[in-house]
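Working notes, structure below.
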Amino acid sequence: MKYETFTQSLFQRLGIKKVYKGTKYISYILHLLSEDESSIEMLTKRLYRETAEKYGTSWTCVEKDIRKIISMIWNISENEALLKTILCTESLEKRPTNKDFLFALYQYTKLQEICSEVLADYEIDYICPTTGKVCNTCAKIVKEIIKRYKKELVE
62 MKYETFTQSL
72 FQRLGIKKVY
82 KGTKYISYIL
92 HLLSEDESSI
102 EMLTKRLYRE
112 TAEKYGTSWT
122 CVEKDIRKII
132 SMIWNISENE
142 ALLKTILCTE
152 SLEKRPTNKD
162 FLFALYQYTK
172 LQEICSEVLA
182 DYEIDYICPT
192 TGKVCNTCAK
202 IVKEIIKRYK
212 KELVE
């Protein structure tokens, strides 16, 4: 999956402009997670440092810029429904840690990729890139996939 394209589109829907450095860092970390999911356990020691090296900055700047993006997303009230979907939760009482948010976002992008592959067979659009709205047929299919996916995560 092209994480940069997907995340930039998602950030736009969440009200975050791509001028923020943290958006590039998050995209790159999602790419790294696609190569090794377990690396989320080495967020500071590996993911932040590799990202910092790629972009010519320090790992502390990477961490701070990602935290800033998460905070911005969290403070935009229109994001509540999408955040609940990304974080697989009913309640948004507490802002997630960088680690929790990054892994939830990675899982969400993975699910989107699976959905896109499944829906490609139905020759229908899943999400309109302009409006970000899902058609009713897609919504039913996605709900079923999410149910199955959540069961797999629990088991």
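For the sequence shown, position 90 (counting from the first letter as 1) is numbered 151 according to the working numbering, and the numbering increases by one without interruption.
Note that the Cβ used here is the ideal one computed from N, Cα and C, for glycine as well.
Counted within 10 angstroms of its Cβ, other Cβ atoms place residue i as buried (16 or more) or exposed
{"i": "D126", "result": "buried"}
{"i": "N159", "result": "buried"}
{"i": "I185", "result": "In this prediction, I185 has a pLDDT of 48, which is less than 50 and means its spatial position is unreliable; nothing more can be read from the coordinates."}
{"i": "K150", "result": "It is worth fixing the name first, because residue 150 is Thr in this sequence and not Lys. So T150 ends up on the exposed side."}
{"i": "T170", "result": "buried"}
{"i": "I137", "result": "exposed"}
{"i": "E205", "result": "exposed"}
{"i": "E124", "result": "buried"}
{"i": "T112", "result": "buried"}
{"i": "T121", "result": "exposed"}
Where the alpha helix (DSSP H) through residue i begins and ends
{"i": "D126", "result": "120-135"}
{"i": "K115", "result": "110-116"}
{"i": "S88", "result": "82-96"}
{"i": "T146", "result": "141-148"}
Check whether residue i and residue j have beta carbons under 7 Å apart
{"i": "I131", "j": "L75", "result": "no"}
{"i": "T68", "j": "I90", "result": "no"}
{"i": "S119", "j": "L108", "result": "no"}
{"i": "L153", "j": "L143", "result": "no"}
{"i": "L104", "j": "Y167", "result": "no"}
Own chain partners of residue i with C-beta closer than 8 Å, once the 5 adjacent residues on each side are dropped
{"i": "A165", "result": "I147, L148, C149, P157"}
{"i": "K129", "result": "Y81, G83"}
{"i": "K115", "result": "Y89"}
Cβ neighbours of residue i in the same chain (closer than 6 Å, five flanking residues each side left out)
{"i": "T84", "result": "F72"}
{"i": "K217", "result": "This structure cannot speak to residue 217, because the chain is shown only from 62 to 216."}
{"i": "K79", "result": "Q69"}
Spatial neighbours of residue i in its chain, beta-carbon cut-off 7 Å, leaving aside the 5 residues before and after
{"i": "I77", "result": "T84, I130, M133, I134"}
{"i": "R110", "result": "W120"}
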